[in-house]
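Asker: Before we start, here is the structure in question, set down as structure tokens.
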Amino acid sequence: GIQVEQSPPDLILQEGANSTLRCNFSDSVNNLQWFHQNPWGQLINLFYIPSGTKQNGRLSATTVATERYSLLYISSSQTTDSGVYFCAVGGTGGYQKVTFGTGTKLQVIP
Amino acid sequence: DVKVTQSSRYLVKRTGEKVFLECVQDMDHENMFWYRQDPGLGLRLIYFSYDVKMKEKGDIPEGYSVSREKKERFSLILESASTNQTSMYLCASTPAANAWTQYFGPGTRLLVL
Chain V
6 GIQVEQSPPD
16 LILQEGANST
26 LRCNFSDSVN
36 NLQWFHQNPW
46 GQLINLFYIP
56 SGTKQNGRLS
66 ATTVATERYS
76 LLYISSSQTT
86 DSGVYFCAVG
96 GTGGYQKVTF
106 GTGTKLQVIP
Chain E
231 DVKVTQSSRY
241 LVKRTGEKVF
251 LECVQDMDHE
261 NMFWYRQDPG
271 LGLRLIYFSY
281 DVKMKEKGDI
291 PEGYSVSREK
301 KERFSLILES
311 ASTNQTSMYL
321 CASTPAANAW
331 TQYFGPGTRL
341 LVL
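This is how it looks when you write it as structure tokens:
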């Protein structure tokens, strides 16, 4: 199956700093999503981005499908950005199964 | 807003007990999923369902079964709970028309003693 690797595994930021999270995947994908899991466990879909670039406020994401990676940018980080960020991908076999990476745990300190 | 609810946020059970985890979604979604989340392993798919009374095994189905008698409800069953099933369990649903956008419930933290 598809392998999904995320880096870094842990990240501590000062409030206001910018950061880039990376997701590498081992095969062609039809689907790629970024999720944020808040400290209470709730997973929220941030972006559906199988290719190209999208922006939503202070967050943006870029996927380069031909090179099998995606980047999530967080600008002007806030304490509410803390939590775990997951990348999840789906393959090209017409099989709607999603494989999650192991996540990047982000802590934003005041 | 899509709402996915899970029957319990926290659950403590003893080894050998039969455990039921319930998930309900209110958006008429066709697809429903059960994952478990463990530190360092991310989310792993246990079972999923494309329709009522339909189920498919995910990556780690051993020790689990599921039931989908109604479209809005997807149950995960631990026939005989074991300590290695202590985990966070997450339910998700998606519409068939846009099956890549998953909506998650708040999760159930299960402790098996």
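As they're listed, the protein sequences go chains V and E. The numbering used here applies: residue 6 is where the first sequence begins, and numbers increase by one. The numbering used here applies: residue 231 is where the second sequence begins, and numbers increase by one. For glycine and all other residues, C-beta sits at the position ideal for the given N, C-alpha and C. If you're wondering where the values come from, they're calculated on a predicted model, not measured in any experiment.
(1) Between E302/E and the rest of its own chain, which residues show a CB-CB distance below 6 Å, the 5 nearest in sequence each way excluded?
(2) Taking T331/E as the query, report the chain V residues whose CB atoms sit under 8 Å from its CB, ordered along the chain.
(3) What did DSSP end up calling D15/V once you bin it into helix, strand or coil?
(4) Determine the chain V residues that contact M318/E at a beta-carbon separation under 7 Å, and present them in chain order.
(5) Thinking just about the alpha-carbon of each residue, which of Q60/V, S87/V, E10/V is nearest to the one in Y78/V?
(6) Terminal residues of the continuous beta strand (DSSP E) containing Y53/V?
(7) Is the number of C-beta pairs between the region 259-266 of chain E and the region 313-328 of chain E that are closer than 8 Å three or more?
(8) Taking C-beta pairs closer than 8 Å, name the residues in chain E that G95/V reaches, listed in chain order.
(9) When DSSP labels each residue in this structure, what does Q255/E get in the three-state scheme?
(10) Buried or exposed, going by whether 16 or more other CB atoms sit within 10 Å of the CB of Y240/E?
(11) Using beta-carbon positions only, say whether L76/V and L64/V come within less than 8 Å of one another.
(12) For a contact meaning CB atoms closer than 8 Å, what does K102/V contact in chain E?
(13) Counting only beta-carbon atoms, is R266/E nearer than 8 Å to chain V?
(14) List the residues of chain V whose Cβ lies closer than 8 Å to the Cβ of L271/E, in chain order.
(15) Examine chain V for any beta-carbon lying closer than 8 Å to the beta-carbon of P325/E, and answer yes or no.
(16) In angstroms with no decimal places, state the Cα-to-Cα distance between A22/V and E309/E.
Answerer: Per the coordinate set shown:
(1) In the second sequence, the residue the question calls residue 302/E occupies position 72. For E302/E, where only same-chain residues beyond five positions count, the Cβ hits under 6 Å are V254, Q255.
(2) Counted from its first residue, the second sequence places residue 331/E at position 101. Under the 8 Å cutoff, chain V gives Q38, N50, Y53.
(3) The count along the first sequence starts at 1 and reaches residue 15/V at position 10. Correct three-state label for D15/V: strand.
(4) Locating residue 318/E in the second sequence gives position 88, where the first residue counts as 1. Going along chain V in sequence order, the residues near M318/E (Cβ under 7 Å) are G46.
(5) Reading the first sequence from its first residue, position 73 is the one you call residue 78/V. Closest by alpha carbon: Q60/V.
(6) Here residue 53/V refers to the residue found at position 48 of the first sequence. Y53/V -> beta strand (DSSP E) spans 48-53.
(7) yes
(8) Position 90 of the first sequence, counted from the first residue, corresponds to residue 95/V. The answer, in chain order, is W330.
(9) Position 25 of the second sequence, counted from the first residue, corresponds to residue 255/E. Strand, per DSSP.
(10) Here residue 240/E corresponds to residue number 10 of the second sequence, with the count starting at 1. Y240/E comes out exposed.
(11) Within the first sequence, residue 76/V is the residue found at index 71, counting from 1. Within the first sequence, residue 64/V is the residue found at index 59, counting from 1. In this structure, L64/V does not lie closer than 8 Å to L76/V by Cβ.
(12) For this step, residue 102/V is matched to residue 97 along the first sequence. Ordered by position in chain E, the residues that pass the 8 Å Cβ test against K102/V are L275, F278, G288.
(13) Counting from 1 along the second sequence, the entry for residue 266/E is found at position 36. Chain V contact via Cβ: absent.
(14) On the second sequence, position 41 is the one that residue 271/E refers to. Neighbours of L271/E on chain V, chain order: T107.
(15) Mapped onto the second sequence, residue 325/E falls at position 95. For P325/E, the answer is no, since every Cβ of chain V falls outside 8 Å of its Cβ.
(16) Taking the first residue of the first sequence as position 1, residue 22/V is located at position 17. Taking the first residue of the second sequence as position 1, residue 309/E is located at position 79. Taking the straight line from one Cα to the other gives about 48 Å.
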